[in-house]
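Heads up: the structure comes next, in structure tokens.
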Amino acid sequence: MEPTVEQSPHHAYPDHWEADVVLRDGGTARVRPITTDDADRLVSFYEQVSDESKYYRFFAPYPRLSARDVHRFTHHDYVDRVGLAVTIGGEFIATVRFDRIDGRGRPASAPADEAEVAFLVQDAHQGRGVASALLEHIAAVARERGIRRFAAEVLPANNKMIKVFRDAGFTQQRSFEDGSVHLTLDLEPTAESLAVQRAREQRAEARSVQRLLAPGSVAVVGVGRAAGGVGRTVLRNLLGSGFTGRTYAVNTSFAEDLGTVEGVPAHRSVGEIGEQVDLAVVAVPADRVPEAVADCGEHGVQGLVVLSAGYAERGAEGRDRQRELVRQARSYGMRIIGPNAFGIINTSETVRLNASLAPESPRAGRIGLFTQSGAIGIAVLSGLHRRGAGLSAFISAGNRADVSGNDFLQYWFEDQGTDVALLYLESLGNPRKFTRLARRTAAVKPVVVVKGARHSGSNPPGHAVPVSRIPDATVSALMRQAGVIRVDTVTEMVDAGLLLAGQPLPDGPRVAILGNSESLGLLTYDACLAEGLRPRPPRDLTTAAGPRDFRDALAEALADRTSDAVIVTAIPWVGEDGEAETGDGEVLAAALREAAATGPAKPVAVVHVEMGGLAQALAAATSTATPPGRRPAAPAADPAPPSQPLAPPAAPDVPRPPGAPEAGGAGSGDPVPDAPAAEARAAGPAAGRIPAYPAAERAVRALAEAVKYAQWRRHAAAPGKVPEFLGDTIDEHGTAGLIETLLGPAPDPRGRPLTHDEARELLARYGVTVRSALPAPDPDTAAAAAAELGYPVALKTTAPHLRHRADLGGVRLDLANENALRRSYDELTDLLGTPAELRPVVQAMAPRGVDTVVRASIDAAAGAVLSFGLAGAPSELLGDTAHRLVPATDRDAAELIRSIRAAPVLFGWRGSAPVDTAALEELLLRVSRLVDDHPEVVSVALEPVVVATQGLTVLGASVRLAPPPARSDLGPRRLPSY
0 MEPTVEQSPH HAYPDHWEAD VVLRDGGTAR VRPITTDDAD RLVSFYEQVS DESKYYRFFA
60 PYPRLSARDV HRFTHHDYVD RVGLAVTIGG EFIATVRFDR IDGRGRPASA PADEAEVAFL
120 VQDAHQGRGV ASALLEHIAA VARERGIRRF AAEVLPANNK MIKVFRDAGF TQQRSFEDGS
180 VHLTLDLEPT AESLAVQRAR EQRAEARSVQ RLLAPGSVAV VGVGRAAGGV GRTVLRNLLG
240 SGFTGRTYAV NTSFAEDLGT VEGVPAHRSV GEIGEQVDLA VVAVPADRVP EAVADCGEHG
300 VQGLVVLSAG YAERGAEGRD RQRELVRQAR SYGMRIIGPN AFGIINTSET VRLNASLAPE
360 SPRAGRIGLF TQSGAIGIAV LSGLHRRGAG LSAFISAGNR ADVSGNDFLQ YWFEDQGTDV
420 ALLYLESLGN PRKFTRLARR TAAVKPVVVV KGARHSGSNP PGHAVPVSRI PDATVSALMR
480 QAGVIRVDTV TEMVDAGLLL AGQPLPDGPR VAILGNSESL GLLTYDACLA EGLRPRPPRD
540 LTTAAGPRDF RDALAEALAD RTSDAVIVTA IPWVGEDGEA ETGDGEVLAA ALREAAATGP
600 AKPVAVVHVE MGGLAQALAA ATSTATPPGR RPAAPAADPA PPSQPLAPPA APDVPRPPGA
660 PEAGGAGSGD PVPDAPAAEA RAAGPAAGRI PAYPAAERAV RALAEAVKYA QWRRHAAAPG
720 KVPEFLGDTI DEHGTAGLIE TLLGPAPDPR GRPLTHDEAR ELLARYGVTV RSALPAPDPD
780 TAAAAAAELG YPVALKTTAP HLRHRADLGG VRLDLANENA LRRSYDELTD LLGTPAELRP
840 VVQAMAPRGV DTVVRASIDA AAGAVLSFGL AGAPSELLGD TAHRLVPATD RDAAELIRSI
900 RAAPVLFGWR GSAPVDTAAL EELLLRVSRL VDDHPEVVSV ALEPVVVATQ GLTVLGASVR
960 LAPPPARSDL GPRRLPSY
């Protein structure tokens, strides 16, 4: 929407205020500034508003707008006078306007920071959350223009508008004056306003997915006249699944007298159907899709599944076509799965929808599957089918130009029919939002993710989303922090999903192993150790053991208070005639299920070799309510010794963070916190299914993931807090002023590095002391600096190619006198280059300790990340660095230093003295607070940080400032636009 010259003499049209939003009922709408070209739209909109709504807006009968009104409401300067409209199909359904006022309520300009605001919503669209969404957007616009408060006059009878203001979460004041309610809203976001915004976002986006997965009617657009083709295939699959709603076939080339195709009504357009169509599956060539979308949008279709290819996966021209497709669909209030999608499936008995190219619907289950690849989707569906598992829903989103994995996390969070969410992702359009949603969902049900395209450095063809530059290892660490079970392969995703969907979560890492093969038991034992579990010695039942022996042994293992999970290994046993029994998998499955149903609730997995029918029999549905006599697992009678979190299995000497429950034993015997989804799991058809695996390593890896997830759930119940440091150790206001001065009035968008002294001053304002380093351009200056600092001293080069490279000889330590200093200075310059090249400095020696590195950086897509590791080449080569999202809590800081593989060095490895980890945790929290309070601090590196037995010393620091990147997660709700 381009403004006229008359539109704004001071500011250009603010196109960044335009946004697509999801409304409460799941439909979409467009928010945009009002321009002078909108006069006719405004008049038409006003004519459709009821007299009552007009009265509430103007406090008097106001049947029509005068020409002066229309001019006033369509001419804005986008500074002191701003108007926004909500549109669907290009027509207004709501408007909002603010006018800047002074303290006496008269029109004003900046620096006045208050504005009067008024809304008007078309009656047909009231109750859809339109005004709430508009308030978020107009508040963000006002803050951008320096307005801090809104004032509103509302008639007491206008309860809907009063509720919009009251429920927004902003700090507000109300009074009754001259027959109206006077409201004043402080526009500074609060924790409550952000929580309200995100709760509304969740409900709206979940509802938009629900409309796609549970339509009352479906039209397949592009059904061929002859057998075959994509459209005809989808129609047959839809009918074959027993879809409970109405089905229609659409093709513009159908003959006028054609009545049915495949037994369903045939029409040449959606408009001809004459009934409500909730979902359209579009299977026409890409150049005909716009016509099909317009036909759907103009006749009230709520959502689209676009199977058509020829979009962003085909290059720049296709990306433009894809963006136009999304714009067109959203303009009608529709959401899209695709394009280039494989389709969607909902196995709910009340829906039975198979709007996909999969010829057969999976059986009903409690696993939700989202994939960005049709080929991967086919493979997973096939694997689940072979293992007797079912799904609640399947979504293959193709280019995921609109509906994405984030939307389905919103849906699955509250879906009582899904216990486990599996996602195959090749790109993350909004990593901040994904992490936030995944953390919330993982708190009530497992989220298992495979991330494709991990090392390409770019997104796959078709995924027109921002590219994050953070390493894959960092992405993995951040997912783990959010409770996501990150696995490497699709097979591992299925393995973990089957265990999590069918079995209770383990209380700890102690594993009982039993079976009729000593070798298979030993392989399982070794695999448990490799995964950081604590296996008991395997119990060999011998090859003579039959199903009854397995049943009794499993019942005994489940009752044993020293185990948290059981792995059963099975090979064909020897029958009475001496022959190997290979076909009695169903008999063994019945015996194992009998033991599992009557024993304490512990996870059970089976590793089998050549056992015919065992996997399918174990997957057979059983009741999942706790059977009579089956009790929750009791705490261990002999608590196991403390154990560290499972993340670093090679670090057994690392103590747990304060307050963290043990990984096993009495401390971890507490059940995982209850949640609505957990209650649904207790009654769902998937629980009680015992997963079977063809290899010990696969079963153990799935169990290890369940153990780590259960531990995360226990921690998530008490996630820690971001500490409030004493006011005299953190100067937030002064730091903001210093940053503003350092960046200058016209900061370079690329930012600037701070000098050593600037970095020291900035960090000192947050209680981080960096040891002084004096320049030493020649030996005499070096000697004078050492005399000032006091011996012993260190002589270091600061040239970029030698910085922090002690292995290259650029550091001399413990120089006790001037002779040693001058000798070292000569050695450095002889070996490495001139003083001008080396930039040597002199620094007082720090107490002996462990050299570590603390870093924080901001990724435009993922946000601020706090990192920790030991200093030196070995840690860098091994990638032994831990990461957490900012702001870090006290628990995050404690876990951060314990989660690296080299953590034992900090805790007294090989008889050395433990270092002051409390001081290290405080330093991490201070750095986290700095970058969280001041997003202009885009990079901080403290290296080395020498941690001694008492206290620590920061010897080097580098800081980079830049204009802060936009925060997509803090503004008003909006759909992404790529």
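Numbering (numbering that gives the first Met the number 0), first residue to last: 0 to 977. Built from N, CA and C at the ideal position, the CB exists for glycine as well. These numbers were taken from a predicted model, which means no experiment stands behind them.
- Around the beta carbon of Leu877, a 10 Å sphere encloses fewer than 16 other beta carbons of the protein chains shown; the residue is thus reported as exposed.
- The Cβ atoms of Ser43 and Val233 do not sit closer than 8 Å to each other.
- Annotated three-state conformation of Tyr54 is helix, per DSSP.
- Within a 10 Å sphere around the beta-carbon of Ser898 sit 16 or more other beta-carbons, which makes this residue buried.
- Around the C-beta of His266, 16 or more other C-beta atoms lie within 10 Å, and the residue is accordingly described as buried.
- DSSP, read as helix, strand or coil, puts Lys795 in strand.
- Counting along the chain, Pro834 sits inside the alpha helix (DSSP H) bounded by residues Pro834 to Leu837.
- Residue state for Gln949 is assigned as coil, using DSSP reduced to three classes.
- Assignment of Glu942 by DSSP, reduced to helix, strand and coil, places it in the strand class.
- By the Cβ criterion, the stretch 176 to 188 is not in contact with the stretch 384 to 400, since fewer than three pairs of Cβ atoms, one from each stretch, lie closer than 8 Å.
- A distance of 8 Å or more separates the beta carbons of Leu974 and Val208.
- Taking 4 residues as the minimum length, the alpha helix (DSSP H) runs contained wholly in the stretch 149 to 211 are 158 to 165, in order along the chain.
- Taken atom to atom, the span from the alpha-carbon of Ala225 to that of Val120 is near 48 Å.
- Assigned with DSSP and collapsed to three states, Ile570 falls in coil, not helix or strand.
- DSSP lists no bridge partner for Tyr790.
- Residue range Ala38 to Glu46 is occupied by the alpha helix (DSSP H) that includes Arg40.
- For Phe242, DSSP assigns no beta-bridge partner whatsoever.
- A straight-line Cα-Cα distance of about 45 Å links Arg245 and Lys707.
- Within 10 angstroms of the beta-carbon of Leu528 lie fewer than 16 other beta-carbons, which makes it exposed.
- A distance below 7 Å between beta-carbons, with the five flanking residues on each side excluded, links Val283 to the following residues of its chain, in chain order: Val220, Gly221, Ala291 and Ser307.
- Taking C-beta atoms as the reference points, Asp850 and Ala881 fail to come closer than 8 Å.
- Straight across, the Cα-Cα distance linking Val229 with His74 is about 50 Å.
- Of Lys795, Pro846, Pro799 and His800, the smallest CA-CA separation from Ser823 is found for Lys795.
- Arg535 has its alpha-carbon roughly 50 Å from the corresponding atom of Ala400.
- The criterion of a C-beta distance shorter than 8 Å is not satisfied by Val288 and Leu237.
- Contact between Met492 and Val447 holds: CB atoms are separated by about 5 Å, below the 8 Å threshold.
- Judged by DSSP in its simplified three-state form, Pro744 adopts coil rather than helix or strand.
- Relative to Ala190, the option among Phe169, Arg99, Val939 and Leu587 whose CA is nearest is Phe169.
- Residue state for Asp98 is assigned as strand, using DSSP reduced to three classes.
- When only Cα atoms are considered, Glu261 and Arg479 end up about 48 Å apart.
- Judged by DSSP secondary structure, Asn353 falls within the beta strand (DSSP E) whose first and last residues are Leu352 to Ser355.
- Going by DSSP, Ile896 is part of the alpha helix (DSSP H) stretching over Asp889 to Arg897.
- Annotation: Leu522 to Pro934 spans about 50 Å, alpha carbon to alpha carbon.
- Gln321 carries a helical assignment under DSSP once its states are collapsed to helix, strand and coil.
- If you compare the alpha carbons of Gly416, Ala500, Leu504 and Arg329 with that of Pro599, the shortest gap goes to Leu504.
- If you draw a 10 Å sphere on the C-beta of Lys720, you find fewer than 16 other C-beta atoms in it, and that means exposed.
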